[in-house]
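Q: Residue 694 is where the sequence shown starts when you use the numbering used here, and the numbers rise one by one after that.
Just so it is clear, CB atoms sit at the ideal spot from N, CA and C, and this is done for glycine as well.
One structure follows; several queries about it will come next.
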Amino acid sequence: MSEKIEFELVGEESMVAFGRRLADASQGWGIIYLEGDLGAGKTTLSRGVLRGFGHEGAVKSPTYTLVEPYEMGESNVYHFDLYRLGDPEELDFLGVREYFGPHALCLVEWPIRGKGYLPAADIEVSITYKPDSRIVRVEPLSEHGQTICSHLLQGR
Numbered sequence: 694m695s696e697k698i699e700f701e702l703v704g705e706e707s708m709v710a711f712g713r714r715l716a717d718a719s720q721g722w723g724i725i726y727l728e729g730d731l732g733a734g735k736t737t738l739s740r741g742v743l744r745g746f747g748h749e750g751a752v753k754s755p756t757y758t759l760v761e762p763y764e765m766g767e768s769n770v771y772h773f774d775l776y777r778l779g780d781p782e783e784l785d786f787l788g789v790r791e792y793f794g795p796h797a798l799c800l801v802e803w804p805i806r807g808k809g810y811l812p813a814a815d816i817e818v819s820i821t822y823k824p825d826s827r828i829v830r831v832e833p834l835s836e837h838g839q840t841i842c843s844h845l846l847q848g849r
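Below is the structure:
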C-alpha cells in the first residue's frame, strides 16, 4: 500500500471541512477506522463527513448505542463508537456485520475494541492532538483506500 499522508488542521471548522473532503473522496462507500485519544476530534471529523453527504442535523457520538445510522437518499453512513464495548463478540450479537455492505460508508471510532469482529478498513485515520492544531494521518489499507488518499492529495 501507499504511504501515509499527513495534514495539519487548525480549528474545528478545518476538521469539519476535511471531513467533507473525505466524504467526497470516499465516493459514498468504504470502511474508515478513526483512531485518536478522547477529545482528539474523531466525532468532529465524522460530523464533517456527514455534512459532506448533506446531513444538517446534530451528530453525536454513539457511545452508548454503538452505532448511529444516517440514511440520506442514496448514501448510507453508519457511525460506530466502540469505546464502551465490553467484548468484541457483542458485535456479532448486535448484527453489525449487516451494516458493512458495498453501498455504505462506515466510520468506526475505537476499532481496536472490535478487533477480530470488524471487517478490514479501507483507510485508517489517526488524529493526534496538539495545543493549537490536530495532526491527521491517513493510511490507505486497500485499493479503495489508495483512491481515497489520491483524491485527498489532489485537494491539498
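Expressed to the nearest angstrom, what Euclidean distance is found between the alpha-carbon atoms of Leu846 and Arg744?
A: The residue labelled residue 846 in the question sits at position 153 within the sequence shown. The residue labelled residue 744 in the question sits at position 51 within the sequence shown. One C-alpha to the other measures close to 20 Å.
Q: Using only alpha-carbon positions, find the residue among Gly723, Trp722, Thr737 and Leu784 that is nearest to Glu706.
A: On the sequence shown, residue 706 is found 13 positions in, with the first residue counted as 1. Closest by C-alpha distance to Glu706, out of Gly723, Trp722, Thr737 and Leu784, is Thr737.
Q: Is the distance from the Cβ of Leu759 to the Cβ of Asp774 below 8 Å?
A: Locating residue 759 in the sequence shown gives position 66, where the first residue counts as 1. Locating residue 774 in the sequence shown gives position 81, where the first residue counts as 1. Cβ distance < 8 Å, so Leu759 and Asp774 count as in contact.
Q: Between Leu834, Thr840, Glu836 and Arg827, which lies nearest to Asp730 when the distance is taken from Cα to Cα?
A: Numbered from its first residue, the sequence shown carries residue 730 at position 37. It is Arg827 whose Cα lies nearest to the Cα of Asp730.
Q: According to DSSP, is Lys735 helix, strand or coil?
A: As a working note, residue 735 is residue 42 in the sequence shown. Here Lys735 carries a helix assignment [DSSP, helix/strand/coil].
Q: Rounded to whole angstroms, what's the CA-CA distance from Pro824 to Gly732? Just pull it up for me.
A: For the purposes of this step, residue 824 is identified with residue 131 of the sequence shown, where counting begins at 1. For the purposes of this step, residue 732 is identified with residue 39 of the sequence shown, where counting begins at 1. Cα-Cα distance, rounded: 12 Å.
Q: So, do the stretch 807 to 818 and the stretch 716 to 729 have three or more beta carbon pairs nearer to each other than 8 Å?
A: yes
Q: Please classify Ala718 as buried or exposed, where buried requires at least 16 other C-beta atoms within 10 Å of its C-beta.
A: The sequence position of residue 718 within the sequence shown is 25, counting from 1. Buried: at least 16 other Cβ atoms inside 10 Å.
Q: Judging by CA-CA distance, which residue of Thr756, Leu787 and Gly712 is the nearest neighbour of Arg777?
A: Taking the first residue of the sequence shown as 1, we reach residue 777 at position 84. With respect to the C-alpha of Arg777, the residue from Thr756, Leu787 and Gly712 having the closest C-alpha is Thr756.
Q: From the DSSP secondary-structure annotation, give me the bridge partner or partners of Lys773.
A: As a first step, residue 773 is located in the sequence shown; it is residue number 80 there, counting from the start. According to the sequence provided, residue 773 is Phe. The question's Lys does not apply to it. The partner list for Phe773 (beta bridge, DSSP) reads Val760 and Val801.
Q: If you reduce the DSSP assignment to three classes, tell me which class Val831 lands in.
A: Working through the sequence shown from its first residue, we reach residue 831 at position 138. In the structure shown, Val831 adopts extended strand secondary structure according to DSSP, grouped into three states.
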